[in-house]
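Engineer:
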Amino acid sequence: MSEKRCYTVQELQEILGVSRPTIYNLLKKKKFRWIQLDGGKYRML
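Note that the numbering used here gives residue 1 to position 1 of the sequence shown, counting from 1, and the numbers run on in steps of one.
Okay, here's the thing in structure tokens:
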């Protein structure tokens, strides 16, 4: 079984047990590598 390579904000919320604003704060602090897709959606690598 292969490991998932990227996660949505919601998936990280569930995995880490934190709020949506906390995930975005972590993104701003560059705690995760991420990409922004068309339409403004983020995926964490």
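Where a beta carbon is used, it is the ideal one built from N, C-alpha and C, also for glycine.
(1) When the Cα atoms are used, what is the spatial distance from K29 to D38?
(2) Could you give the first and the last residue of the continuous alpha helix (DSSP H) run that contains Y24?
(3) Within this structure, are the beta carbons of T27 and Y42 separated by less than 8 Å?
(4) Verify whether the separation of the beta carbon atoms of Q13 and R20 is less than 8 Å.
Structural biologist: Straight from the coordinates:
(1) 22 Å
(2) Looking at the DSSP string, the run of the alpha helix (DSSP H) that includes Y24 is R20 to K28.
(3) One point to set straight first is that residue 27 is Leu, not Thr, in the sequence displayed. Cβ atoms of L27 and Y42: closer than 8 Å.
(4) yes
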